[in-house]
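A.B. asks:
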Amino acid sequence: MRNPLSKKIIDIQPSGIRKFFDVANEMKDAISLGVGEPDFDTPWRIREEGIFSLEKGRTFYTSNAGLQELRNEICRYLERKIGVSYDPKKETLVTVGGSEAIDIGLRCMLDPGDEVLLPQPSYVSYLPCTVMADGVPVIIPLKRENEFKLTVQELEEHTTPKTKVLIMPFPNNPTGSIMTKKDLEPVAEFVREHDLYVISDEIYSELTYGTEHVSIASLPGMRERTIVINGFSKGFAMTGWRLGYCCGPEKIIEQMIKLHQFAIMCAPTTSQYAAVEGLRNCEEEVQEMRESYNQRRRFLMNEFRRMGLECFEPFGAFYVFPSIREFGMTSEEFATKLLQEEKVAVVPGSAFGDCGEGYLRISYAYSIEELKEALGRVDHFIQRLRESK
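Its first residue numbered 1, the sequence shown is counted upward by one per residue in the UniProt record's numbering.
#1: Shortest alpha-carbon distance to residue 357 belongs to which of 347, 363, 365?
#2: Select from 157, 213, 217, 162 the residue whose C-alpha is nearest the C-alpha of residue 171.
#3: In its own chain, which residues sit with a C-beta less than 6 angstroms from the C-beta of residue 33, not counting the 5 before and 5 after it?
#4: If residue 94 and residue 71 are in contact, beta carbons under 8 angstroms, what's the gap, nearest whole angstrom?
#5: Rounded to whole angstroms, what is the Cα-Cα separation between residue 205 and residue 242?
#6: Quick check on residue 156: buried or exposed, where buried means 16 or more other Cβ atoms within 10 Å of its Cβ?
#7: Can you tell me whether residue 328 is buried or exposed? The criterion is at least 16 other CB atoms within 10 Å of its CB, across all chains shown.
#8: Ordered along the chain, which non-local residues of its own chain (more than five positions away) have a Cβ less than 6 angstroms from that of residue 218?
#9: Thinking residue 316 and residue 208 are a contact (beta carbons under 8 angstroms), I'd like their distance in whole angstroms, please.
#10: Just to confirm the assignment: which complete beta strand (DSSP E) runs, minimum length 3, are found wholly within the stretch 210–260?
#11: Taking a contact to mean a Cβ-Cβ separation below 8 angstroms, would you say residue 124 touches residue 17 in this structure?
#12: Using the Cβ count rule (16 or more neighbours within 10 Å means buried), how would you classify residue 9?
#13: Measuring CA to CA, which of 288, 116, 273, 46 is closest to residue 140?
#14: To which residues of the same chain is residue 334 closer than 6 angstroms at the C-beta, ignoring the five residues directly before and after it?
#15: Identify the continuous alpha helix (DSSP H) that holds residue 368 and give its terminal residues.
#16: Could you tell me the distance, in whole angstroms, from the CA atom of residue 193 to the CA atom of residue 223?
#17: Got a sec, what are the start and stop residues for the beta strand (DSSP E) residue 182 sits in?
#18: For residue 73 versus residue 280, is the C-beta spacing smaller than 8 angstroms?
#19: When the Cβ atoms of the stretch 290–308 are set against those of the stretch 249–267, are three or more pairs found closer than 8 angstroms?
#20: Straight-line CA distance for residue 226 to residue 314?
#21: Residue 184 and residue 165: beta carbons closer than 8 angstroms?
#22: Comparing alpha-carbon positions, which option in 332, 149, 103 lies nearest residue 133?
#23: So, with DSSP's three-state summary, where would you put residue 115?
#24: Taking the alpha-carbon positions, what's the residue 121 to residue 45 distance?
#25: Give the secondary structure of residue 120 by DSSP, where H, G and I count as helix, E and B as strand, and everything else as coil.
#26: Which same chain residues, not among the five before or five after residue 248, have their C-beta less than 7 angstroms away from its C-beta?
#27: So, does the CB of residue 376 fall closer than 8 angstroms to a CB anywhere in chain B?
#28: Go to residue 76, then tell me how far its alpha helix (DSSP H) extends in each direction, as first and last residue.
#29: Using the beta-carbon count (16 or more within 10 Å), is residue 262 buried or exposed?
#30: Per DSSP, residue 319 forms a beta bridge with which residues?
#31: Could you pull the start and end residues of the beta strand (DSSP E) that residue 93 belongs to?
#32: Around the Cβ of residue 368, are there at least 16 other Cβ atoms within 10 angstroms (buried) or fewer (exposed)?
#33: If I follow the unbroken alpha helix (DSSP H) through residue 331, where does it start and stop?
#34: With DSSP as the reference, label residue 32 as helix, strand or coil.
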């Protein structure tokens, strides 16, 4: 019998995130600090609108591009938040989470052999989506000494005549790093000079601390060469509603809508009606969640300093990325021993690219009580390791 599978899909490695949590879920008294999912309930107003839409029988397909009312609100939201105006009819697409937008954006923009610049550590989907779109991933290792920010020097070292797309994964998963306007300006100049396009994944844009999020699309000459991707999973605590969106130049969005039409038809109708309410009336709830995350972020940084564990301070998302290089183990070895001995599950930094080796991703999308218990166990573990040296 012939092999029924594509060589491309066989060669792609499965996500390194889920491995430890599948084990932790079956382990009594285990604490997981790895899943990138808010621990808050979806704000009640959003849930109520979802319920109301079901009661009213609004269970039919929306247009392929998404409910017009929602696209209008998305454009008002982006104009308010990042200062960029989009046409809700021609430049906006509602997707099944931000992940679908990443996938179809790359498939619509790449021809075989086109190179995609992938700063890492970063979200695990970028590389496989590039490969499945017949693109060539070019990894840019981000450096701790630069606070895991992308620099023009790094772009110069990795750009070739075949480079077409740069993925901008900020605020960053897993590091929590952000790019300020000052950081973005030289990157935008480089992009314009080299005639590149940008996919800017801004799913954590609502979760920045001490500074406002800045989109590269808001800089001069960048709106026409940037696809802005966002969604409701992180900032609005709507992971299970599976709703995202993208905005960008009409000629790109038009083709993304076509691919979305054939592959998906439309995003979940109930979720779309609920999201309208979220964008209109839930800023206060989003702010409360952001303040809670910030409190947890500060708690973790204080605990790491007390333990003597090196970790740069993140200002975005809900992750910290401490270094465990002093212990002479790989990230996977450290995470495995921590789970076995202290029943705490974290994600090895290597799951987000080779340059994540020597680090751990720890999520603070958990209550302070859970974080205190888990960090106490981590403290016991690393003190034992230091004593055994």
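In this text, a Cβ means the ideal position worked out from N, Cα and C, and glycines have one as well.
C.D. replies: In terms of the structure at hand:
#1: Position 357 of the sequence shown, counted from the first residue, corresponds to residue 357. The option with the nearest alpha carbon to residue 357 is 347.
#2: Within the sequence shown, residue 171 is the residue found at index 171, counting from 1. Residue 213 is the option with its Cα nearest to residue 171.
#3: Here residue 33 is taken as the residue at index 33 of the sequence shown, counted from 1. Cβ-Cβ distances below 6 angstroms link residue 33 to 346, 362, 363, 374 in the same chain, with the five nearest sequence neighbours on each side left out; the list follows chain order.
#4: The residue given as residue 94 occupies position 94 in the sequence shown. The residue given as residue 71 occupies position 71 in the sequence shown. About 7 angstroms; that satisfies the 8 angstroms criterion.
#5: Counting from one through the sequence shown, the residue named residue 205 turns up at place 205. Counting from one through the sequence shown, the residue named residue 242 turns up at place 242. Straight across, the Cα-Cα distance linking residue 205 with residue 242 is about 17 angstroms.
#6: The sequence position of residue 156 within the sequence shown is 156, counting from 1. Taking all protein chains in view, the Cβ of residue 156 is surrounded by fewer than 16 other Cβ atoms within 10 Å, so the residue is classified as exposed.
#7: Along the sequence shown, read from residue 1 onward, the residue named residue 328 stands at position 328. Looking at its Cβ environment, which holds fewer than 16 other Cβ atoms inside 10 Å, residue 328 is exposed.
#8: Stepping through the sequence shown from its first residue, residue 218 is reached at position 218. Here the set comprises 82, 83, 84.
#9: Numbered from 1 along the sequence shown, position 316 holds the residue referred to as residue 316. Numbered from 1 along the sequence shown, position 208 holds the residue referred to as residue 208. Rounded, the Cβ-Cβ distance is 5 angstroms, consistent with contact.
#10: Counting only runs of 3+ residues, the beta strand (DSSP E) found wholly inside the stretch 210–260 occupies 226–231, 244–247, in chain order.
#11: As a first step, residue 124 is located in the sequence shown; it is residue number 124 there, counting from the start. As a first step, residue 17 is located in the sequence shown; it is residue number 17 there, counting from the start. Yes, the pair counts as a contact, with Cβ atoms nearer than the cut-off.
#12: By one-based count along the sequence shown, residue 9 stands at place 9. Its Cβ having fewer than 16 others within 10 Å, residue 9 is exposed.
#13: For the purposes of this step, residue 140 is taken as the residue at position 140 of the sequence shown. Distances from the CA of residue 140 to each of 288, 116, 273, 46 were compared; the closest alpha carbon is that of 116.
#14: On the sequence shown, residue 334 is found 334 positions in, with the first residue counted as 1. Cβ neighbours of residue 334 beyond the five flanking positions: 324.
#15: The residue given as residue 368 occupies position 368 in the sequence shown. For residue 368, the enclosing alpha helix (DSSP H) begins and ends at 368–387.
#16: The count along the sequence shown starts at 1 and reaches residue 193 at position 193. The count along the sequence shown starts at 1 and reaches residue 223 at position 223. Distance between the alpha carbons of residue 193 and residue 223: 15 angstroms.
#17: The sequence position of residue 182 within the sequence shown is 182, counting from 1. In the DSSP annotation of this structure, residue 182 is not part of any beta strand (DSSP E); the continuous alpha helix (DSSP H) holding it starts and ends at 181–193.
#18: Within the sequence shown, residue 73 is the residue found at index 73, counting from 1. Within the sequence shown, residue 280 is the residue found at index 280, counting from 1. Taking 8 angstroms as the cut-off, the Cβ atoms of residue 73 and residue 280 count as close.
#19: They do not touch, by the three-pair rule.
#20: Position 226 of the sequence shown, counting from 1, holds the residue named residue 226. Position 314 of the sequence shown, counting from 1, holds the residue named residue 314. Each residue's Cα considered, the two are about 25 angstroms apart.
#21: Within the sequence shown, residue 184 is the residue found at index 184, counting from 1. Within the sequence shown, residue 165 is the residue found at index 165, counting from 1. It is not a contact, given that the beta carbons lie outside the stated cut-off.
#22: As a first step, residue 133 must be located in the sequence shown, where it is residue number 133. For residue 133, the nearest C-alpha among the options comes from 103.
#23: As a working mapping, residue 115 is identified with position 115 in the sequence shown. Reduced to three states, the DSSP call for residue 115 is strand.
#24: Walking along the sequence shown from the start, residue 121 turns up at place 121. Walking along the sequence shown from the start, residue 45 turns up at place 45. Distance between the alpha carbons of residue 121 and residue 45 is about 36 angstroms.
#25: Walking along the sequence shown from the start, residue 120 turns up at place 120. Assignment of residue 120 by DSSP, reduced to helix, strand and coil, places it in the strand class.
#26: If you number the sequence shown from 1, residue 248 lands on position 248. Hits under 7 angstroms: 91, 226, 227, 228.
#27: Absence of chain B from the displayed structure is noted, only one protein chain being present.
#28: As a position in the sequence shown, residue 76 is number 76, starting the count at 1. Segment 68–81, the alpha helix (DSSP H) holding residue 76.
#29: For the purposes of this step, residue 262 is identified with residue 262 of the sequence shown, where counting begins at 1. By the neighbour-count rule (16 or more Cβ atoms within 10 Å), residue 262 is not buried but exposed.
#30: Locating residue 319 in the sequence shown gives position 319, where the first residue counts as 1. Answer is 363.
#31: The residue labelled residue 93 in the question sits at position 93 within the sequence shown. Run containing residue 93: 92–95, per the beta strand (DSSP E) assignment.
#32: The residue labelled residue 368 in the question sits at position 368 within the sequence shown. Around the beta-carbon of residue 368, fewer than 16 other beta-carbon atoms lie within 10 Å, marking it exposed.
#33: Reading the sequence shown from its first residue, position 331 is the one you call residue 331. Counting along the chain, the alpha helix (DSSP H) containing residue 331 begins and ends at 331–342.
#34: On the sequence shown, position 32 is the one that residue 32 refers to. Shown here, residue 32 sits in a strand according to DSSP, grouped into three states.
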